[in-house]
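Asks: Before I ask anything, here is the structure I am working with.
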Amino acid sequence: MPRVRRGTALLAAIATTALAVTIAIGAPKTSLKHPPGRFINANGAKLWVETEGDGEPLLLIAGGPGFSHSYFHPFHSALANNYRLIYFDVLGTGRSDRAQPAADYTVDRDVENIEALRAALQLERLNIFGHSYGGMVAQVYAVKHPDRVKKLIIADAVVAWGGALQQIQDHLNELLREQMPERAEKLDALRATGVRSSAKEHQEAYEYPGGMVFFRNPENGSKLPRNEPQLYNPDVWYAMAGNDADYKVEGDVAHLDVRAALKELKMPILVIGGRFDRMVPPALVMAFREYAPQAEIVIFEKSGHFPFVEEPEATFALIRKFLD
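Residue numbers are given in my numbering: position 171 of the sequence shown equals residue 251, and the series is strictly consecutive.
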């Protein structure tokens with residue numbers, strides 16, 4: 081889930097449910113190849129949708145909030161021989177429309193846009209793979225439209241409630257102070273002047289090495305796409321979580337809470353995480369044992385936030401087994 085910044089090297093950043101984190105990598109060698117796509121009208125907005133493969137439909141929901149679907153390529157093509165993969169850019173990301181006003185960026189809007197896409201594609205039910213923030217959207221969709229979900233995969237995501245997002249932010253800021261005290265001091269000085277997360281200068285100062293947060297092997301960060309246009313839109317995150325979201329989660333996502341409803345879901349649920357994920361550490365993934373005890377939970381021992389990048393064969397073998 082990368083955003084690009086200017087600098088001596090191309091900076092690809094990966095933001096998930098709560099934060100943009102930057103990794104420095106070399107210049108890209110090739111452009112990403114996308115399957116055929118088209119625009120679909122969803123609740124008055126044009127959303128970009130791509131499809132690949134044949135078979136049972138599998139909808140992939142990207143993270144952020146604010147990332148396009150592009151970081152699923154080319155990894156999930158490994159499933160195209162068995163399933164009809166449906167990639168799409170959430171409102172405000174990639175090639176899809178931007179919300180006017182920004183207050184229209186909400187979890188409920190994302191959920192109802194998915195329902196509109198399902199209807200437009202004339203699909204009775206969906207298998208869903210939601211990654212990071214996309215895993216939270218997937219949970220809300222399953223709660224609101226349980227009859228439309230055949231099987232649910234929640235990847236590298238927390239239980240969908242505002243308190244878990246705040247736990248992520250608190251954890252990351254503690255990690256920053258422990259591992260990068262000089263950067264924390266710089267941020268403290270900046271914040272003392274009244275600058276908050278959504279300000280450009282704050283975003284530029286609030287950078288982690290992605291390998292420290294997202295990967296067991298930092299070199300795997302170079303496998304993610306980083307030359308895609310409109311890959312990340314930070315406006316979506318700050319519109320949904322408040323103008324100081326990297327410290328205090330407020331706004332729409334702060335009021336999110338499906339904990340009590342998860343136990344009632346009847347469809348098969350698979351929850352996956354990475355042992356070395358410092359964005360959504362295993363302790364937060366294992367919270368599904370309490371709120372969704374019917375779910376199967378698998379922690380990949382050689383992965384961080386992207387098991388489909390660091391352990392692709394094992395990840396997709398598990399997904400095939402679960403969906404079959």
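Where a beta carbon is used, it is the ideal one built from N, C-alpha and C, also for glycine.
Looking at the structure shown, is L342 part of a helix, part of a strand, or coil, going by DSSP?
Replies: Note: L342 maps to helix in three-state DSSP.
Asks: Do you know whose CA, among K230, P348, S150, P181, lies nearest L138's CA?
Replies: Taking only the C-alpha atoms, the option nearest L138 is K230.
Asks: Out of I234, D188, Y221, state which residue places its alpha-carbon closest to the alpha-carbon of G210.
Replies: Nearest C-alpha to G210: I234.
Asks: Buried or exposed for M216, going by 16 or more other Cβ atoms inside 10 Å?
Replies: So M216 counts as buried.
Asks: Checking contacts by CB at 7 Å: is A325 closer than that to chain C?
Replies: Among the protein chains of the structure shown there is no chain C, as only one such chain exists.
Asks: I need the straight-line Cα distance from A218 to R271, nearest angstrom please.
Replies: For A218 and R271, the distance between alpha carbons rounds to 34 Å.
Asks: Taking the alpha carbon of N161 as the point to measure from, which residue in F155, G133, V187 has its own alpha carbon closest?
Replies: That would be G133, whose Cα lies nearest to the Cα of N161.
Asks: Just confirm the distance between the C-beta atoms of K346 and P154, as a whole number of angstroms; I'd bet it's less than 8 Å.
Replies: Not a contact, Cβ separation roughly 34 Å.
Asks: Among G135, A158, L165, which one has its Cα closest to the Cα of H149?
Replies: Out of G135, A158, L165, L165 has the C-alpha closest to the C-alpha of H149.
Asks: Which residue marks the beginning of the beta strand (DSSP E) containing E130, and which one marks its end?
Replies: Unbroken beta strand (DSSP E) run through E130: 125-132.
Asks: Let me make sure I understand the geometry here. Which of V220, V223, N123, I208 has the alpha-carbon closest to that of S176?
Replies: Here the closest residue by C-alpha is N123.
Asks: Taking only runs of the alpha helix (DSSP H) that begin and end inside the stretch 255-325, which ones reach a length of at least 4 residues, in chain order?
Replies: Counting only runs of 4 or more, we get 261-272, 280-285, 290-293, 314-321.
Asks: Spatial neighbours of M366 within its chain, please: C-beta separation below 7 Å, excluding the five flanking residues on both sides.
Replies: For M366, where only same-chain residues beyond five positions count, the Cβ hits under 7 Å are I377.
Asks: Can you give, in chain order, each stretch of the beta strand (DSSP E) that sits fully within the stretch 203-253 and has at least 3 residues?
Replies: 206-211, 229-235, all fully within the stretch 203-253.
Asks: Have a look at E195 and V389 and give me their C-alpha separation to the nearest angstrom.
Replies: Looking at the two C-alpha atoms, the distance is approximately 28 Å.
Asks: Going by beta-carbon coordinates alone, are F168 and Y312 separated by less than 7 Å?
Replies: No.
Asks: Should P314 go down as buried or exposed, given a rule of 16 or more other Cβ atoms within 10 Å for buried?
Replies: It is buried - the Cβ of P314 has at least 16 other Cβ atoms within 10 Å.
Asks: Return helix, strand or coil for P392, following the three-state DSSP convention.
Replies: In the structure shown, P392 sits in a helix (DSSP, three-state: H, G or I).
Asks: Assuming V351 is part of the alpha helix (DSSP H), what are its boundary residues?
Replies: Where V351 is concerned, there is no enclosing alpha helix (DSSP H), although the beta strand (DSSP E) it sits in stretches over 349-354.
Asks: Contact between the stretch 197-213 and the stretch 280-300 is defined here as three or more beta-carbon pairs at a separation below 8 Å; is this criterion met?
Replies: Counting Cβ pairs under 8 Å, fewer than three are found: no touch.
Asks: For P373 and G274, what's the separation of their Cα atoms in angstroms?
Replies: Roughly 44 Å between the two C-alpha positions.
Asks: With contact counted as at least three CB pairs below 8 Å, one residue from each stretch, are the stretch 319-338 and the stretch 247-260 in contact?
Replies: Output reads yes: the stretch 247-260 touches the stretch 319-338.
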